[in-house]
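Note sheet for the following structure.
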């Protein structure tokens, strides 16, 4: 939707060649509703359904029951509430996920986290508080 990349993301496809626990997570299996591309800066509030991939910079708030994919080059300074968060980039702010958060190398997350399921690969940096339970936020 936004950005300069109109072809399938080679980062997504190449990571699907890595046979790790996140196989398929960063592949085109997710039907991406919107795309904030590399080099794009966005300030404001995003409300959406479905899946959004961010590879640029975002400052503000993100609200969804769907999936948020944060690409390796992304920088997000925001309050985030989502169903599922899959991150290889940088997030600064409070993060709430109703289903799960997957932090994949080289992700950096600075802030508080509330989720029933959290997974982190080696070399991920997480600085903050983590609260896990059945329903983190309604």
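In our numbering, the protein residues as written are 1 to 138. Where a beta carbon is used, it is the ideal one built from N, C-alpha and C, also for glycine.
Item: Can you tell me whether residue 34 is helix, strand or coil according to DSSP?; Value: strand
Item: Can you tell me whether residue 39 is helix, strand or coil according to DSSP?; Value: coil
Item: For residue 72, which three-state DSSP category applies?; Value: coil
Item: Spatial neighbours of residue 98 within its chain, please: C-beta separation below 6 Å, excluding the five flanking residues on both sides.; Value: 83
Item: If we count the other Cβ atoms within 10 Å of its Cβ and call it buried at 16 or more, is residue 55 buried or exposed?; Value: buried
Item: Which value, in whole angstroms, describes the spacing of the CA atoms of residue 79 and residue 113?; Value: 11 Å
Item: Which residue comes first and which comes last in the beta strand (DSSP E) that contains residue 127?; Value: 125-127
Item: Using three-state DSSP, classify residue 88 as helix, strand or coil.; Value: coil
Item: By the three-class DSSP mapping on this structure, what secondary structure does residue 130 have?; Value: strand
Item: Tell me the DSSP bridge mates of residue 82?; Value: 97
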